[in-house]
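Each residue of the sequence shown is one higher than the one before, starting from 75 at the first, in my numbering.
Notes for the one structure printed next.
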Amino acid sequence: MSGPTLIALMLSLPFLGALLISLSGRAVAVRDGIVLLVPLVLLAVVLQLPSPVLVGDRPELVLVEMMPGLSLSFTAEPLGVLFACVASLLWPIASLYSIGYLRGNNEQHQTRFHACFALAIGGAMGVALAGNLVTLFAAYELLTLSTYPLVAHKGNETAIRGARTYLGVLLLTSIGFLLPAILWTWAVAGTVEFTPGGMLAGKLDDGLMGLLLLLYVYGIGKSALMPVHRWLPAAMVAPTPVSALLHAVAVVKAGVLTVLKVVVYVFGTEVLTGLAASDWVFWIAASTILIASSIALRQDNLKRRLAYSTISQLSYVVMGAFILAPLSLLGAALHIAAHAFGKITLFFAAGSIYTASHKTEISQLDGIGWKMPWTMTAFTIGALSMIGIPPAAGFLSKWYLLLGAWQAEHLAALAVITLSTLLNAAYFTPIIYAAWFKPAVDDSRHGEAPVAIVLALSLTALLTLLLFFLPDLPLALAQAIPGVGS
């Protein structure tokens, strides 16, 4: 199958899935079959791309040429293919989990939920494969709009308020900062096509280049750098499968992927090296890591603690990019995959706990490990990955981030990674200890959540371990990113 055909299928399958899910109506068995089948087909398609990309092919698909030099086009390159592999691998597992969760909690509007979930994956594929800034912006906005109904799914006042915050912050940043940055880039570079090594060398003086960089960084609100992070905790009103989508499969990963694409293909590491604004972005990311981790320590609500953990972990990717060393870029790219597998496991476990026991607070979890051993074993694996303890995947990406900081002789980065790892341990180990070593706080006899939920979280926990032992494919894709090398 040709590269352009693979790209066309990757882009169209999620939208076809959304259409078929919507048409299934009340035929629940048919709908759920589509919910599971389409992601598996997408995964089979996506897995055909790494091999040609790793040998240097860059398949391209141009959908519409709006004017000379400005088109809606898609290209398969290593960074985007890495993200596409992660998202397409997690979509079928997240779909299985969603079926179990929605049924187990008797959620309303399940057809709409599954259709919007598929549309969001379509947006994520568009971000992954975008061949230029205009295409990236369109896919980025589609992802925002398609996830709004998911955040507002419950339909109550709290959900609507949280969804409005979510939509408002993301649209304000993208339209107010990202779009002007793209237009400015087009005006000074004469192109919006992604170019290895960047397209802006010699186009602006350092002051204006720094301003443009900050417009991009804060225009990409999905990366949740402080202070434009409020949308992420606000979105925790959504059902847990949506939280997993936001934190692991699509939304935040699309944000940090966009940051990496801007670094690699718009500015280029050579332009950013020595630019004062690059140091500012590093310190913004470092501050976000430490502040969000400190806030997470004080959260008793499990999903809110996980949300602030996500804000912190995302900034590892941004900080790694702005250390501007080949190995730190490698670590940043790998952290997209490592964080995805670990964090989706943690959110799946939180939803499993809620479904089985209706517990939402960490203070309620004493002794729950012995009542829900599968769930809490998976949670433990995911937490160890977030801390960066082997044999979980998070160790791999943090190791390369540390190597990159050492390579660049960046002592501040070494200190931030070390301190934040201690903070990660401080807010995760008490949960693990309470679940396994404290006596139960009640006499309830609940067991595990429905089998679909337990199977899904067991699979993502297994992936978290497998990435540590079998990192060859993501490592090869990360090494093929311009500026990283082999």
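Even for Gly, the Cβ is constructed at its ideal location relative to N, Cα and C.
Where residue i falls: helix, strand or coil (DSSP)
| i | result |
| --- | --- |
| S560 | Note that S560 scores 45 on pLDDT, short of 50, meaning its location in the model is unreliable; the coordinates nonetheless yield the value given after this. Looking at S560 - three-state DSSP - the assignment turns out to be coil, as it is neither helix nor strand. |
| E344 | helix |
| N498 | helix |
| V333 | helix |
| A554 | coil |
| A466 | coil |
| A101 | coil |
| A204 | strand |
| E483 | coil |
| E435 | strand |
| G272 | coil |
| M75 | coil |
| M283 | helix |
| V291 | helix |
| V302 | coil |
| H413 | helix |
For residue i: DSSP bridge partner residues
| i | result |
| --- | --- |
| G144 | Per the sequence shown, the amino acid found at residue 144 is Leu instead of Gly. L144 pairs with M141. |
| T384 | Note: T384 sits in no beta bridge, so no partner. |
| A561 | What the structure shows of the chain is the stretch from 75 to 560, and residue 561 is not part of that stretch, so it cannot be assessed. |
| V136 | S147 |
| E215 | None, per the DSSP bridge assignment. |
| T267 | Strictly speaking, residue 267 in this sequence is Glu, with Thr absent from that position. Per DSSP, N206. |
| N230 | BP columns for N230 are empty, so no partner. |
| N375 | E435 |
Local Cβ density within 10 Å of residue i, reported as buried at 16 or more and exposed below that
| i | result |
| --- | --- |
| S147 | buried |
| N180 | exposed |
| P270 | exposed |
| Q182 | exposed |
| M310 | buried |
| W305 | buried |
| F422 | buried |
| L287 | buried |
| L401 | buried |
| F49 | Residue coverage of the chain in this structure runs from 75 to 560, which leaves residue 49 outside it and unanswerable. |
| N206 | buried |
| F543 | exposed |
| D106 | buried |
| V528 | buried |
| P490 | Checking the displayed sequence, the identity of residue 490 turns out to be Val instead of Pro. With 16 or more other Cβ atoms within 10 Å, it is buried. |
| H98 | Looking at the sequence provided, one finds Ser at residue 98 rather than His. Looking at its Cβ environment, which holds 16 or more other Cβ atoms inside 10 Å, S98 is buried. |
| S125 | exposed |
| P301 | exposed |
| G282 | Sequence inspection shows Leu at residue 282; the Gly mentioned does not correspond to that position. Result: exposed. |
CB of residue i within 7 Å of CB of residue j, strictly
| i | j | result |
| --- | --- | --- |
| P152 | V127 | yes |
| A407 | A552 | yes |
| A514 | G468 | no |
| G478 | G557 | no |
| G416 | M446 | no |
| A466 | T538 | yes |
| I506 | T454 | yes |
| G236 | T314 | no |
| L289 | F251 | yes |
| L253 | T218 | no |
| S367 | S352 | no |
| L216 | G197 | yes |
| V392 | V333 | yes |
| Y222 | L246 | no |
| I95 | I108 | yes |
| P49 | S76 | Residue 49 cannot be examined here, being either before or after the span of the chain that is shown, 75 to 560. |
| A275 | V208 | no |
| A452 | F502 | no |
| L475 | G394 | yes |
Spatial neighbours of residue i in its chain, beta-carbon cut-off 8 Å, leaving aside the 5 residues before and after
| i | result |
| --- | --- |
| E435 | D374, N375 and L376 |
| G264 | G143 |
| W354 | G284 and L288 |
Neighbourhood of residue i by C-beta, 7 Å cutoff - its chain only, sequence neighbours within 5 removed
| i | result |
| --- | --- |
| I195 | P88, A161, W165 and A324 |
| A381 | L306, P307 and M310 |
| T347 | L398 |
| A412 | S459, A467, G468, L470, S471 and L541 |
| D131 | G77 |
| L110 | P166, S169 and L170 |
| S560 | Below a pLDDT of 50, predicted positions are generally treated as unreliable, and S560, at 45, falls in that range; no measurement from the model is reported. |
| I555 | P152, L153, V338, L403 and A407 |
| F157 | A202, K327, L331 and I410 |
Same chain, Cβ closer than 6 Å to residue i, five either side skipped, listed in chain order
| i | result |
| --- | --- |
| S389 | A359, T362 and I363 |
| T492 | none |
| A509 | L439, I442, G443 and M450 |
| N498 | M460 and I461 |
| A189 | A92, I95 and S96 |
The ligand NAD heavy atom lying under 6 Å from the CB of residue i
| i | result |
| --- | --- |
| I436 | In the structure on display, the ligand NAD does not appear, and there are no ligands present to speak of. |
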